[in-house]
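Structure, as structure tokens:
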Amino acid sequence: MESRLNSRADFEAFRARARERWNDLWEGDRMVASVGLDSSATPKGADKVLSACKAVAYDTGMIVREVSGNGATWMEPWVEVKRPGQPPIVYGPIDPDEVPALLAGRLESRAIGVRGDTAFGTIPPLSEIPFFKPQQRIVLQNAGIIDPGSIEDAIGRGAYDAYFKVLFEMSQEEAIAEVTTANVRGRGGAGFPAGIKWESGRKAKVTPKFVVCNSHEGEPNVYKDRRILESDPHRVLEGILIACISVGAERGYNYIGGEHPVAIARFRKAVADAERLGLIGRNVLGSGKDVFFRVRTGGGAYICGEGSALMYSIMGVRGMPRTKPPRSVEEGIWRRPTVANNTETMANIPSIILNGGAWYASIGTEKSKGTKLMTVQGPMQTPGLVEVPMGTTLRTLMEECWGGMKPGFTFKGIQTGGVSAGPLKEEHFDLPVDFDSLTEYGGMLGSGGFVVFDSTICAVDFARYLTAFNRVESCSKCVPCHRGNPALVEIVDRIRLGRGSMEDLALIERTSKHVIELSLCGLGQVAPMPLLGMMKQFPEEFRAHILDGVCPAGACPIDRRPARAAAAD
Amino acid sequence: MGEAAPPAGMTGIVQSDIDLDVVRSILQRFQPRDHQEAQELILGALQEVNEHFGYVSLEAAEVVAEHLGTTATRVYALLTFYADFRTEPRGKHFMLLCHGMSCFVGGSQRLVQELKDRWGIEDGETTADGELTVQVVNGCLGVCDRAPYCVLDGHSVGELTVESLNETLQRVIAAGGSWKDGHHG
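Protein sequence lines, in the order shown, are assigned to chains A and B. Going by this note's numbering, the first residue of the first sequence is number 1, and it counts up by one from there. Going by this note's numbering, the first residue of the second sequence is number 1, and it counts up by one from there.
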């Protein structure tokens, strides 16, 4: 066990050892098997695959490593095998009972790609296969490569280099200037520039100040933040610590959703290891700077992803939003200036500090810089978490990364922006995905979660599900959201049962307007958007339920002959 | 006179089987340095108690409140706001049924309906024989490519259909044991 690092020299020596150790691992003559484990792979048996590898290692002296998933959920459980004189090769999916054959070299047909730049025989580099080819990995550069439980692995791959730079080589203003130049916009969905927020935080006169990272991720269709925490927790922690130093905050927080136990456990371990090494605490590495850290966990309330609600939850009360101003950067946790950013935003910070804001701003589109993590759900061939430059088209994502629809499924639409926007159709596939381009068509980038639905899904029924989600999750503080969402569900239910009228469509529009314009917080203000979006993209389905008493997808519990059919008798 | 039936609406208050000494030992891990930190620790302490016993009884809530210098009323405000908490015991078996979008698109609505029609339970309820409690997760458990998905007594079950749901539940109930044998996460 390493002891506390007390100076710049201590850290540099530790880093040199960690790098040497990392290089030796890959250049040595021992076989290395790495198994990807996270909250997606483990339920598919990756833990049993790991045990099987360990059983083989017991006899052979092979090194077995536990790493995280790499985002490609379709290849899980996967094993990366590095044989002497060969590059590391990823195989999947692998059953536990296939492990001995795999490690004996008798399962080469399951090879997916080489981790590295060049092919090995007929096996292409991972970066050339369709899922990875459009990707550019900054936040996910260590995903599936390092052991997330090892601070030595992380430091061997460059973790805390940027923190070191901010502690010793940059002023607060210089660090924030890089973030401002990078023009990195908030990855939680709102897209507010992080640099501006940080500068307001630095200028705030009241002390103590705090930084909080929002890892709540309560939306029913997004799984990016938990995967960042599961694959590279030190990257997020480093981003938060850099924010603390840059704005002069004495304490950082990370608020993680209670539904993500693997992410919580891995992040807590990262914090404990960083504290043990002296990267958190008093007089960090002899810099004279103090920074402390607390991890807090949510309790299954979607609303706690809203900034002010999240802070109330940290303070131990019900997470209900308040009116703004004052903004949280003026009055946040314990009424002190608090800078709040999403997990993905924080995870971009170390690379921005190391490579410069101008480098970051060279990636992406004019108004949306850098890369974006995107997740997909639904019947796709190769689903998973990807990181692509901003402005990548939906078509590239759908047809290359995610491999198109599974056989037997017919594409109908793609829900965007979680429960805060509407769906898009195939005619929108050539739109660039960034913060602004989808809005005009009723879609939204939001936090980057897409749901593909096929022809067996009814637009009315799906709209009801999305609206019902917002009904359940309304915190009930303000009346427009508390009463408006149940009213919307009631109207949609009428239509689902075949009892609706054309006036109901106008009633939905009117009721939605109330909810959108009068709700207190950002979540209420967008709650009707999925329903309005479904009505906009699939008007003929709403009409079919109302006028013909028919659910074209056959999903709705129609229980009454419609007025028009009865009149024709 | 026989014993009076409990008044309607009071079924949430049940005889607790929670050993308060165990609650106190859990709370030893929560040692705030000041009143602000004490408030920040309430949710976390309740989560530990909820995880250990499957719910938080009124008595346990009072012990937590006392330890962290707050009131049972404040604690109950949290227990009734955050969906992860229960104030009544779980049945012998405990299922977290994911109702995220991927599961919905994969047909989880039919599973919710089946639980209601065949097992007589809705979100948060326990079957009359005390065998099964279901909690429908309105968010997402994050195992989307195995949708529809649930965690039953700590074990993952994916690609659910109405038939496989019934079959799995019948098998788990017939095998005995309880959610306490499985581990969470």
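Think of the CB as a built atom: it goes at the ideal place given N, C-alpha and C, for glycine as much as any other residue.
Taking the alpha-carbon of A/PHE267 as reference, which of A/GLN136, A/GLU230, A/ALA555 has the nearest alpha-carbon? Along the first sequence, one-based indexing puts residue 267 of chain A at 267. Nearest neighbour of A/PHE267 by Cα position, chosen from A/GLN136, A/GLU230, A/ALA555, turns out to be A/GLU230.
Using a Cβ-Cβ cut-off of less than 9 Å, give me the residues of the stretch 26-48 of chain B that come near chain A, in sequence order. Residues passing the 9 Å Cβ filter: GLN36, GLU37, ALA38, GLN39, GLU40, LEU41, ILE42, LEU43, GLY44, LEU46, GLN47.
What residue from A/ALA52, A/THR73, A/ASN70 has the CA that sits closest to A/ILE63's CA? Counting from 1 along the first sequence, the entry for residue 63 of chain A is found at position 63. Checking every option, the nearest Cα to that of A/ILE63 belongs to A/ALA52.
I want to verify the contact list: residues of chain A whose CB lies under 8 Å from the CB of B/TYR76, in sequence order. Start at 1 with the first residue of the second sequence, and residue 76 of chain B comes out as number 76. None at all; the shortest Cβ gap to chain A is about 11 Å.
As assigned by DSSP and simplified to three states, the class of A/ALA463: Locating residue 463 of chain A in the first sequence gives position 463, counting from the first residue. Looking at A/ALA463 - three-state DSSP - the assignment turns out to be helix.
At a cut of 8 Å, does the stretch 347-356 of chain A reach the stretch 410-424 of chain A through at least three beta carbon pairs? Output reads no: the stretch 410-424 of chain A does not touch the stretch 347-356 of chain A.
Under a Cβ-count criterion, where at least 16 other Cβ atoms within 10 Å of its own Cβ denotes burial, should A/ALA553 be classed as buried or exposed? The count along the first sequence starts at 1 and reaches residue 553 of chain A at position 553. Counting C-beta atoms within 10 angstroms of its own C-beta, A/ALA553 has 16 or more neighbours from the protein chains shown and is therefore classed as buried.
Test item: CB-CB of A/PRO134 and A/GLU400 under 7 Å: Within the first sequence, residue 134 of chain A is the residue found at index 134, counting from 1. Within the first sequence, residue 400 of chain A is the residue found at index 400, counting from 1. Going by C-beta atoms, A/PRO134 is nearer than 7 Å to A/GLU400.
Local Cβ density within 10 Å of A/MET502, reported as buried at 16 or more and exposed below that: Counted from its first residue, the first sequence places residue 502 of chain A at position 502. Label assigned to A/MET502: exposed.
Suppose you measure from the CA of B/ALA77 to the CA of A/LYS197; what does that come to, to the nearest Å? On the second sequence, position 77 is the one that residue 77 of chain B refers to. On the first sequence, position 197 is the one that residue 197 of chain A refers to. Spanning the two alpha carbons is a distance of roughly 33 Å.
Leaving out five residues on either side along the sequence, give the residues of the same chain with a beta carbon under 8 Å from the beta carbon of A/VAL492. To locate residue 492 of chain A, count along the first sequence from 1; it is residue 492. Contacts found: VAL460, ALA463, ARG464, THR467, ILE508, LEU531.
Let me see if you follow: with CB-CB separation under 7 Å, is B/PHE104 close to chain A or not? Along the second sequence, read from residue 1 onward, the residue named residue 104 of chain B stands at position 104. Yes, its Cβ sits closer than 7 Å to a Cβ of chain A.
What is the rounded straight-line gap between the Cα of B/THR11 and the Cα of B/ALA128? By 1-based counting over the second sequence, the position of residue 11 of chain B is 11. By 1-based counting over the second sequence, the position of residue 128 of chain B is 128. For B/THR11, the predicted structure reports a pLDDT of 48, less than 50, and the residue's modelled location is therefore unreliable. A value from the coordinates is still provided. Computed Cα separation, rounded: 14 Å.
Check whether the Cβ atoms of A/VAL35 and A/VAL49 sit closer than 7 Å, and answer yes or no. Counting from 1 along the first sequence, the entry for residue 35 of chain A is found at position 35. Counting from 1 along the first sequence, the entry for residue 49 of chain A is found at position 49. Going by C-beta atoms, A/VAL35 is nearer than 7 Å to A/VAL49.
Beta bridge counterpart(s) of A/LEU50 as assigned by DSSP: Residue mapping note: residue 50 of chain A aligns to position 50 of the first sequence, counting from 1. Bridge partners of A/LEU50: none, in fact.
Could you check how far apart the C-beta atoms of A/ASP454 and A/THR410 are, in whole angstroms? I think they sit under 8 Å. Looking up residue 454 of chain A in the first sequence gives position 454. Looking up residue 410 of chain A in the first sequence gives position 410. In this structure, A/ASP454 and A/THR410 form a Cβ contact; the two beta carbons are roughly 6 Å apart against a cut-off of 8 Å.
Have a look at the DSSP bridge pairing and note the partners of A/ARG342. Numbered from 1 along the first sequence, position 342 holds the residue referred to as residue 342 of chain A. Before going on, a small fix: residue 342 of chain A reads as Asn here, not Arg. The partner list for A/ASN342 (beta bridge, DSSP) reads A/ASN214.
In whole angstroms, give me the CA-to-CA distance for A/ARG137 and A/ILE363. Against the first sequence, residue 137 of chain A aligns to sequence position 137. Against the first sequence, residue 363 of chain A aligns to sequence position 363. Roughly 12 Å between the two C-alpha positions.
Using a Cβ cut-off of 8 Å, which residues of the stretch 193-221 of chain A contact any Cβ in chain B, in chain order? For the stretch 193-221 of chain A, which is checked against every Cβ of chain B, the residues closer than 8 Å are GLY218, GLU219, PRO220, ASN221.
Among B/GLU62, B/VAL151, B/GLU66, B/SER57, which residue has its Cα nearest to the Cα of B/GLN135? Numbered from 1 along the second sequence, position 135 holds the residue referred to as residue 135 of chain B. Residue B/VAL151 holds the alpha-carbon nearest to the alpha-carbon of B/GLN135 among B/GLU62, B/VAL151, B/GLU66, B/SER57.
Could you check if A/PRO557 belongs to the surroundings of the ligand PLP, using beta carbon to heavy atom distance under 6 Å? Of ligands this structure carries none, so the ligand PLP is not represented either.
Against chain A: residues of the stretch 155-176 of chain B by CB proximity under 7 Å: From the stretch 155-176 of chain B, only SER156, GLY158 have a Cβ closer than 7 Å to chain A.
Counting only Cβ pairs nearer than 9 Å, list the residues of chain A close to B/PHE85. Your numbering for residue 85 of chain B matches position 85 in the second sequence. Chain-ordered, the chain A residues with CB closer than 9 Å to the CB of B/PHE85 read GLY299, GLY300.
Just to confirm my understanding: we take A/PHE192, look at its own chain, exclude 5 residues before and 5 after, and list those with CB closer than 6 Å. What are they? In the first sequence, the residue the question calls residue 192 of chain A occupies position 192. Only GLY186 meet the Cβ criterion.
Alpha carbon to alpha carbon, how far is A/ARG17 from A/GLY156? Give it in angstroms, no decimals. Reading the first sequence from its first residue, position 156 is the one you call residue 156 of chain A. Reading the first sequence from its first residue, position 17 is the one you call residue 17 of chain A. When rounded, the distance between both Cα atoms is 8 Å.
Enclosing beta strand (DSSP E) for A/ASP454 [first to last residue]: The residue given as residue 454 of chain A occupies position 454 in the first sequence. It spans 449-454 - the beta strand (DSSP E) in which A/ASP454 sits, taken as one unbroken run.
For A/LYS536, count the other beta carbons within 10 Å of its own beta carbon; 16 or more makes it buried, fewer makes it exposed. Which is it? Counted from its first residue, the first sequence places residue 536 of chain A at position 536. Within a 10 Å sphere around the beta-carbon of A/LYS536 sit fewer than 16 other beta-carbons, which makes this residue exposed.
Determine the DSSP secondary structure at A/ILE280, reduced to helix, strand or coil. In the first sequence, the residue the question calls residue 280 of chain A occupies position 280. Reduced to three states, the DSSP call for A/ILE280 is coil.
Is there at least one Cβ from chain B nearer than 7 Å to A/GLU250's Cβ? Position 250 of the first sequence, counted from the start, is the residue given in the question as residue 250 of chain A. Taking a beta-carbon distance threshold of 7 Å, A/GLU250 does not count as an interface residue toward chain B.
Leaving out the 5 sequence neighbours to the left and right, which residues in its chain are closer than 8 Å to A/PRO220 when beta-carbon positions are compared? Counting from one through the first sequence, the residue named residue 220 of chain A turns up at place 220. Within the same chain, A/PRO220 has close Cβ partners GLY418, VAL419, PHE469.
Are the C-beta of B/VAL143 and some C-beta of chain A separated by less than 7 Å? Working through the second sequence from its first residue, we reach residue 143 of chain B at position 143. Yes, because at least one Cβ of chain A sits closer than 7 Å to the Cβ of B/VAL143.
Thinking C-alpha only, which one of A/HIS545, A/SER519, A/LEU310, A/PRO407 is nearest A/ILE333? The sequence position of residue 333 of chain A within the first sequence is 333, counting from 1. Nearest to A/ILE333 by alpha-carbon distance, out of A/HIS545, A/SER519, A/LEU310, A/PRO407, is A/LEU310.
Could you name the residues of the stretch 357-390 of chain A whose beta carbon sits closer than 9 Å to any beta carbon of chain B, in the order they occur along the chain? Cβ contacts with chain B come from THR375, VAL376, GLN377, GLY378, PRO379, MET380, PRO383, GLY384.
C-beta contact flag for A/THR375 and A/GLY391 at 7 Å: Stepping through the first sequence from its first residue, residue 375 of chain A is reached at position 375. Stepping through the first sequence from its first residue, residue 391 of chain A is reached at position 391. It is not a contact, given that the beta carbons lie outside the stated cut-off.
Please report the distance separating the alpha-carbon of A/LYS372 from that of B/ASP145. Position 372 of the first sequence, counted from the first residue, corresponds to residue 372 of chain A. Position 145 of the second sequence, counted from the first residue, corresponds to residue 145 of chain B. Roughly 21 Å separates the two Cα atoms.
The alpha helix (DSSP H) spanning A/TYR91 covers which residue range? In the first sequence, residue 91 of chain A corresponds to position 91, counting from 1. First-last for A/TYR91: 89-91, but that is the beta strand (DSSP E), not the alpha helix (DSSP H).
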